[in-house]
Amino acid sequence: FFSACCELMLLRICLILCLVHALHSKGHSKGRYRGPMDASLYDKNECLVSRNKPRKPLGLEFCHWYNQEACCLPAMDAEIHEFFEATMNLGVACSPAKEAIKRKYQHVLQWVCMSCDPKEPDYRVLDNNSNTFTWRVCKSFVKELWDDNGTKFDDCGIMLQNPCDGGKQYGWNQTKGGWEKITDEDGEEVPVLDDWDPYMCGDNLIIPSREYAIGLQGGIDFLSAIRMPGLEDLGFNFIVVNDEDGPCFKGYDPKGFSNGASMLILPLGLQLMLLGAWFAMH
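Heads up: the sequence shown is residues -22 to -1, 1 to 260, going by mature numbering (1 follows the signal peptide of the UniProt record, and there is no 0).
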């Protein structure tokens, strides 16, 4: 079993190195997956990020429970993986490779994988007045995630990414409890780096139960603070509805996260250490 896992890691590391090489090739600018900005151009049954109808993907490594049918492409799946790793950069003791941590954060993972959900077009509603979308989220999903007060996240917290708006950096103002544009000593707004990555504007460790209210609204505010890879370009807005009131996002039970996913979200350094041990054995 150990040998098989190491061989799987070797393959994935090779794929990662190929991806890194591609990202740094001439003419390629690293950045967000971008699609058309006019929501009215989408067909009713068209997936947001792929512009296709839901279909069997070539292969999703991270949001793997959608491998039979999905709305996202492998590149989007890789970006979600990158985002989730940044969100869960909480130290070795809080690694999502641990079963107890996986169980606590499973709804966060399901949330960021929403763009891969083949049912995504069903609960996406077009506002004809503003040419924007609103996603319908089931109340049961928010309740299960927040569990009334969010204290299940107290032991580890969560890394929330600072928003990047108009090429400016934001920072969390603890006193005011909100985001503010960062300014230098002259009061000038600090720009982000050229060729910026969507997750390069900094992050902040947040203890959700201390930042958001008790009850359903606290869970809604918590989800609102988590940026959505692939969905935010059109302006990600959602409403919470009763489950019986029509199509809405319910999440998906990944059944404990398969071993494949567990290996994938191990830190790359740890994967390399295990790979070295495998080579030593051979």
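In this text, a Cβ means the ideal position worked out from N, Cα and C, and glycines have one as well.
Every value quoted in this text rests on a predicted model; they were computed, and no experiment measured them.
Between the segment 201 to 208 and the segment 82 to 102 there are three or more inter-stretch CB-CB distances shorter than 8 angstroms, so the stretches are counted as touching. Rounded to whole angstroms, the separation of the alpha carbons of residue 181 and residue 55 is 21 angstroms.
With fewer than 16 other Cβ atoms inside 10 Å of its own Cβ, residue 78 counts as exposed. Here residue 52 has 35, 36, 37 and 38 as same chain residues with Cβ atoms under 7 angstroms from its own Cβ, once five neighbours each way along the sequence are excluded. Judged by DSSP in its simplified three-state form, residue 139 adopts strand. Distance from the Cα of residue 105 is smallest, within the candidate group 227, 230, 229 and 215, for 215. The bridge partners DSSP lists for residue 112 are 103. Just measuring C-alpha positions, the residue of 80, 137, 196 and 107 sitting nearest residue 120 is 196. If you draw a 10 Å sphere on the C-beta of residue 189, you find 16 or more other C-beta atoms in it, and that means buried. The Cβ-Cβ distance between residue 25 and residue 69 does not fall below 9 angstroms.
In this model, residue 61 and residue 165 are separated by some 31 angstroms (Cα to Cα). According to the DSSP assignment, residue 216 belongs to the beta strand (DSSP E) that extends over 216 to 219. Beta bridge pairing from DSSP links residue 227 with 115. With contacts defined by Cβ atoms closer than 9 angstroms, residue 130 and residue 82 form a contacting pair.
CA-CA distance, residue 118 to residue 194, rounds to 10 angstroms. The C-beta of residue 139 has 16 or more other C-beta atoms within 10 Å across all chains shown, which makes the residue buried. With a 10 Å radius around the Cβ and a threshold of 16 neighbouring Cβ atoms, residue 224 comes out exposed. Under the 10 Å beta carbon count, residue 136 is surrounded by 16 or more other beta carbons and is classified as buried.
Contact annotation, residue 226 with residue 116: C-beta distance approximately 4 angstroms; criterion of less than 8 angstroms satisfied.
Our two residues, residue 43 and residue 122, have alpha carbons roughly 19 angstroms apart in a direct line. Counting only residues of its own chain and dropping the five nearest sequence neighbours on each side, residue 32 has a CB closer than 7 angstroms to the CB of 25, 47, 48, 49 and 96.
Note that the C-beta distance between residue 124 and residue 217 is not below 9 angstroms.
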